[in-house]
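Residue numbers (the working numbering), protein chains in the order written: chain C, 13 to 536; chain W, 175 to 494; chain H, 14 to 390; chain Y, 2 to 345. Virtual Cβ for every residue (Gly too), placed ideally from N, Cα, C.
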Ligand SMILES: Nc1ncnc2c1ncn2[C@@H]1O[C@H](COP(=O)(O)OP(=O)(O)OP(=O)(O)O)[C@@H](O)[C@H]1O
Ligand SMILES: Nc1ncnc2c1ncn2[C@@H]1O[C@H](COP(=O)(O)OP(=O)(O)OP(=O)(O)O)[C@@H](O)[C@H]1O
Ligand SMILES: [Mg+2]
Ligand SMILES: [Mg+2]
């Protein structure tokens with residue numbers, strides 16, 4: 013289908029037209045949500061433009077409009093000076109627009125190469141030449157510096173590689189405008205650096221890049237200019253070098269705010285978690301203790317067993333060896349329910365896949381761990397009033413932007429959904445909190461809010477295991493820091509105060525490691 | 175048991191298995207294509223029935239079995255496309271729409287037959303003839319195999335050929351690529367500009383055509399006339415074969431062949447002094463056991479990876 | 014730590030309450046719109062049925078009249094409508110529960126036979142005191158149906174075996190075993206028809222005719238039983254922890270497992286409860302409609318149950334409403350067939366058209382959009 | 002649907018007797034109901050009745066209310082229905098409508114008043130068919146034919162097959178009679194008569210399955226196959242052509258009704274259950290006021306309620322000696338000298 017060009021109105025004549033221009037763009041979802049309203053945006057060719065904004069500001073929706081995935085309810089779009097109306101992504105693709113979605117759009121059972129070529133497969137007479145697909149993908153990966161294994165099935169590769177596969181997908185279609193919706197949310201620092209290198213290289217070859225991120229540091233590192241959105245509207249666009257993080261943050265939330273994390277020192281109490289020789293899928297002989305009132309950070313390059321370790325501790329996987337006790341309860345062979353009874357709460361790293369039931373109400377999502385106990389249930393009956401009260405309370409305490417406790421969880425923006433998960437887990441008053449990627453995809457304001465809640469839980473006497481791909485966050489919050497590599501603990505810092513990201517990175521990459529005695533000191 | 179063994183090992187029996195299995199194989203492959211494209215096709219039964227009816231009627235009136243076969247297959251495809259319109263464009267639940275279409279096919283076929291022939295029973299008054307059997311001199315000469323394969327109906331040959339063709343289509347062609355992508359992750363397919371509905375429509379058309387071929391085989395191969403309701407639940411058995419075969423062409427073929435074998439066996443064992451109802455239950459008991467066994471083996475194989483197999487069915491069902 | 018993001022009341026408060034009001038208004042509107050749309054679709058479906066009849070050159074006015082008012086014309090037909098709706102509601106509820114746990118159970122047919130068999134065996138052979146004479150067979154039916162439901166339930170939950178295949182196969186087996194038992198062991202001595210001895214009069218479900226003093230065909234107190242069951246199912250799903258587990262498992266089983274719910278057990282229960290309800294439907298047929306066992310007594314009913322469940326969006330209230338609507342059309346179809354010269358095939362076609370149109374939920378949406386576009390032009 | 006063959010209200014006024022034929026199934030079965038319909042249809046022309054047909058279809062849940070509805074109208078004088086499945090409905094309705102008459106064919110109500118009818122079914126005429134007698138002759142003929150190797154092209158096995166729709170008494174009555182006849186002719190029914198049922202979702206409408214079964218039977222040496230399975234049986238005739246063997250027909254003269262010439266040639270004879278004739282005779286007796294209400298009637302060979310077809314093909318295929326023996330047996334059955342066992 014050809015993109016329909018509207019009556020040729022002369023847009024820019026002498027100067028080169030902007031790669032992408034939106035005038036008065038608006039989008040109201042069928043359910044009445046006005047996600048984007050009256051947005052003017054102009055991105056010149058060859059620029060890396062960052063889009064920032066709070067959760068639910070309408071960034072993803074705007075990008076979907078630019079990619080033809082959603083049709084605007086108002087306004088106009090031009091690409092390279094041509095008025096266009098996209099009837100679908102194919103029109104956008106035809107005009108050289110590519111998009112990497114916030115939630116990756118890959119077919120799980122296909123290989124990286126098959127995903128990269130999907131829709132524009134090489135081969136003659138309706139057949140797919142899979143060898144050629146793999147070759148092309150490999151060549152493209154080489155050119156752009158995005159390392160992937162073309163023949164690996166997507167559901168077996170790391171998140172980082174999936175991300176790169178997504179970008180290759182766009183490149184393979186000859187994208188000249190590339191939209192990246194929170195591409196770094198799931199990446200390690202190393203991977204992020206590599207990605208930025210690749211993106212700069214693309215920019216230098218004439219690519220226009222739209223880049224969404226909640227990490228202002230990254231935004232400042234990569235972008236040429238920053239557009240700030242708030243409540244569906246564009247608040248302003250500034251040159252990156254002329255902006256300060258504080259200025260951007262205040263534009264986003266609409267008032268002044270500080271970005272520092274101030275952390276009072278921990279007062280560790282008795283041991284809560286005792287892990288000895290724990291082994292399981294991708295985890296080998298891990299032993300560690302966590303005391304009440306301390307936050308233990310777990311650093312590691314994605315895919316080194318931290319996901320599996322957390323899931324073992326949460327009872328979502330069965331260990332093959334070792335033992336786990338929480339406050340004298342042996343939970344080694346208990347299921348998830350048993351772990352929760354023992355006082356373990358868990359913020360999962362992928363809230364969409366197992367942190368929430370998207371088509372159920374917020375209230376339903378808030379009571380999953382306590383649905384059969386007072387005050388939520390009594391004598392085998394759910395008490396809807398109590399549930400409503402509980403939900404209202406959590407919604408206001410955790411500043412969840414939701415119209416009503418009965419609203420579907422799926423209608424929340426990513427950050428607000430995360431707040432629902434955190435509200436549930438922390439309100440359970442856990443003995444041990446497993447927090448994986450606590451602030452993934454969460455805006456700055458909410459991020460601070462989460463930090464505050466986390467420290468509150470610590471000070472109330474919870475033991476906390478914090479896993480994060482954001483090393484800065486780990487260093488700022490952890491009272492102690494462990495580093496995991498290939499499923500084994502390789503370093504332990506009992507006082508990470510003076511530690512730098514670079515120094516930690518050396519341990520994460522396996523360049524250095526602590527002797528076993530140091531790691532297991534005091535762990536008997 | 176001696177004579178029974180003789181019969182079961184005879185080439186005639188093996189040939190009978192192929193004949194009995196033909197409609198199952200064709201319809202199950204059709205079901206597979208739709209399922210892989212993300213549209214559960216419960217209307218296989220209806221496609222078979224309308225194809226059986228159309229085929230016999232057209233062949234009877236035109237005098238050409240080939241015209242009958244083509245129109246029959248087209249009728250099967252048409253019904254599946256109707257499912258597509260209802261489900262994809264009109265937001266109908268695929269399962270209810272499938273059940274409704276089966277009902278429609280049952281009513282419409284017997285209505286048409288009555289309107290045209292004044293006979294509610296079927297088209298046996300019409301000389302519609304059967305599709306030819308295929309005798310291949312080369313294959314006929316192969317000892318053992320020759321006697322089994324030779325003289326099978328042309329649609330039985332088509333069923334045998336359909337399995338590799340469907341596998342090739344699914345795994346080697348652009349269409350198959352898109353079909354699997356659409357079934358597995360429609361948003362991903364859409365985001366790369368694949369017309370999701372267009373692909374699903376084509377898959378449904380093929381699905382209905384294959385089920386149609388199964389129906390045509392019944393009225394123009396197995397016998398040479400149409401009788402109302404003559405599919406007798408075969409579409410549902412084919413549906414079971416789709417899942418029993420784990421959504422893979424080869425597995426689906428084997429599952430369908432298994433049903434055919436069991437049925438042929440029941441026909442042979444029917445003369446033993448066992449209640450006929452219990453004999454005819456054998457294939458189903460066998461399927462249940464096989465299903466449990468394979469599931470158990472799969473579960474045991476993935477024991478080390480403690481994450482259980484996905485428990486949820488397709489999200490076709492709505493709840494408020 | 015200096016938190017700077019206080020949930021500022023003046024900023025958050027106002028839009029929140031406004032959003033809340035909007036949400037509630039939208040929700041109310043959605044319910045009204047849904048209901049109107051359903052009624053409209055049924056109207057359109059009936060209109061199309063009218064055209065179908067017209068196209069066949071028959072007396073369409075009379076046929077439509079028979080279809081729409083026939084069921085209410087005489088009290089036995091009302092009774093037939095209510096009796097049919099009772100069976101269909103129970104069947105709809107029975108599939109709605111596994112459907113809510115996102116389990117596609119097609120096993121109602123076998124469970125109906127199992128329930129009918131169990132209830133009839135008790136009701137024919139056991140001599141029980143008055144009230145127990147009705148309740149014990151019902152209990153037996155629920156147990157039998159539930160036990161039969163447990164088979165695919167356990168196979169699915171513990172082994173991951175596909176429930177569509179398991180239930181379809183189990184149906185085929187049970188129907189044949191039922192036929193065998195009925196013809197070879199349970200056939201009433203001296204009866205030339207294949208049917209069991211009649212159930213004891215004490216065990217037959219009391220007819221509504223006896224209460225209301227008007228002939229109401231086979232309608233019996235099963236109707237009230239069904240309403241109680243529907244209320245219980247609503248309560249189960251909406252107000253009990255098990256119902257919560259079923260809903261969450263159906264929505265996202267990974268989340269359910271993560272949240273500490275016993276997903277396999279929940280799935281098993283959804284099958285067992287569904288089976289028990291289908292068993293009750295079987296008991297309603299055996300004790301209320303036929304007063305014994307007959308071959309092919311539930312032929313095709315189970316699929317109608319699925320239609321009813323999905324039309325009612327797996328919601329107990331919706332299921333009962335859908336069953337009432339659907340069986341009204343079934344009875345109307347019969348009246349049309351018997352009173353006018355529209356043949357049974359045409360009636361089947363009309364019923365299919367109605368099912369298809371009612372399920373095509375986007376149809377009114379499309380019509381609306383089309384009209385809007387025409388207006389704009 | 003209702004086919005009003007003459008306007009009922011008018012006929013009511015004009016004093017015609019109005020028959021309402023309620024079918025728990027559909028017309029078009031090419032045998033039982035069609036035969037009954039033909040018989041009743043003939044009463045219109047010959048005897049001045051008027052006829053109205055109500056088809057209830059094969060869904061059992063609809064039958065009860067269908068009968069209630071049909072009986073409650075005032076547009077009939079006689080309500081006719083067939084098969085044992087309707088016995089319960091007739092027993093219930095007859096006392097409720099004592100002014101109406103009920104004719105039940107191929108099924109019998111309980112006239113003792115102990116169960117069913119509270120008025121001892123005083124207004125019910127019921128007639129059953131001794132299909133076992135005709136089946137006996139079929140079995141006798143079959144064994145004689147195969148024992149004498151009379152059928153051209155046969156392998157000389159003393160083996161025949163019977164295909165039933167489902168294992169229900171009406172079908173079993175055929176089978177039992179057939180086996181008895183086979184034995185009486187000197188055959189061994191346990192090894193010589195293969196019996197198999199179609200079963201499944203549509204036992205009387207699955208010709209593909211019928212053909213498979215017939216083929217298996219021919220494959221196992223049967224010289225002749227007798228399908229008693231409605232439309233499923235149509236598959237057996239195709240199979241007979243392929244196997245170059247023989248068949249018996251059932252319910253109607255299938256040598257006449259089959260359209261395919263080569264299939265017709267395989268039909269040695271057809272076993273008839275003459276519902277139409279029985280109903281016509283009942284109508285005649287009713288008009289004359291001699292119809293015996295209030296007690297059961299049964300028609301067999303003697304009453305011409307059942308029988309076999311003797312036509313050109315029969316002449317061609319059945320040797321004179323066998324024919325003589327068969328006629329002798331028929332006479333014995335008619336006279337009651339031979340008692341044929343029954344499944345009832
Ligand atoms: N499919 C949808 N249905 C209803 N509302 C939606 C839908 N998608 C988005 N919204 C709403 O639109 C608003 C903008 O959503 P969007 O996903 O664009 O936000 P975002 O800026 O990407 O936020 P986040 O960073 O939290 O992901 C939010 O309030 C969200 O609740
Ligand atoms: N704007 C939208 N928001 C959410 N979902 C959508 C939207 N548009 C389409 N979908 C869904 O995506 C799926 C397929 O989309 P779509 O109809 O665009 O495919 P297509 O192949 O482009 O269709 P066609 O062949 O008719 O052009 C459907 O399930 C549809 O409901
Ligand atoms: Mg977003
Ligand atoms: Mg977002």
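- The Cβ of residue 235(Y) sits closer than 8 Å to at least one Cβ of chain W.
- Among the residues facing chain H, residue 459(W) is included, as its CB has a counterpart in that chain under 8 Å away.
- For residue 299(C), the secondary structure class from DSSP, reduced to helix, strand or coil, is strand.
- Sequence-distant partners of residue 368(W) (beyond 5 residues in either direction) whose C-beta falls short of 7 Å from its own C-beta, in its chain, are 352, 355, 356.
- Positions of the alpha helix (DSSP H) runs, each at least 4 residues long and wholly inside the segment 320 to 377 of chain C, are given as 348 to 353 in order along the chain.
- Interface annotation, residue 184(C): not in contact with chain H, CB-CB separation never under 8 Å.
- Where residue 46(Y) is concerned, the enclosing alpha helix (DSSP H) starts and stops at 33 to 48.
- Within chain H, no residue has its CB atom less than 8 Å from the CB of residue 240(W), the nearest being about 29 Å off.
- Residue 476(C) is a Cβ neighbour of residue 470(C), given a cutoff of 8 Å.
- Taking the Cα positions, residue 92(C) is about 10 Å away from residue 189(C).
- Between the segment 204 to 222 of chain Y and the segment 148 to 163 of chain Y there are three or more C-beta pairs closer than 8 Å, enough to call the two in contact.
- For residue 39(C), the beta-bridge partners assigned by DSSP are 48(C).
- Interface flag for residue 267(W) against chain H is set, since a Cβ pair is found closer than 8 Å.
- Using a CB distance cut-off of 8 Å, residue 208(W) does not count as an interface residue toward chain H.
- Under the Cβ criterion of 8 Å, residue 193(Y) is not counted among the residues facing chain H.
- Taking a C-beta cut-off of 8 Å against chain Y, the contacting residues of the segment 379 to 403 of chain W are 392, 396, 397, 398, 399, 401, 402, 403, listed in chain order.
- When C-beta atoms of the segment 341 to 350 of chain C are compared with those of the segment 294 to 305 of chain C, fewer than three pairs fall below 8 Å, so the two segments do not count as touching.
- Remark: C-beta atoms of residue 280(C) and residue 355(C) do not approach each other more closely than 8 Å.
- With contacts defined by Cβ atoms closer than 8 Å, residue 261(Y) and residue 301(W) form a contacting pair.
- Using a Cβ-Cβ cut-off of 8 Å, residue 343(H) does not count as an interface residue toward chain W, since no Cβ of chain W sits closer than that to its own.
- Ranked by Cα distance from residue 324(W), the first of 185(W), 465(W), 466(W), 472(W) is 185(W).
- Straight through space, the alpha carbons of residue 209(Y) and residue 28(Y) are spaced by roughly 22 Å.
- Judged by DSSP in its simplified three-state form, residue 505(C) adopts strand.
- Within chain W, the C-beta atoms nearer than 9 Å to that of residue 130(C) come from 351, 352, 355, 362, 363, 366, 368, in chain order.
- Taking a cut-off of 8 Å for Cβ pairs, the segment 230 to 241 of chain Y and the segment 416 to 429 of chain W do not touch, as fewer than three such pairs fall below it.
- Secondary structure at residue 467(W): helix, using DSSP grouped into helix, strand and coil.
- Proximity of the segment 337 to 347 of chain H to the segment 82 to 96 of chain Y falls short of the contact definition, fewer than three beta-carbon pairs being nearer than 8 Å.
- Closest option to residue 177(C), judged by alpha-carbon separation, among 207(C), 201(C), 200(C), 202(C): 207(C).
- The continuous alpha helix (DSSP H) containing residue 292(H) extends over residues 276 to 296.
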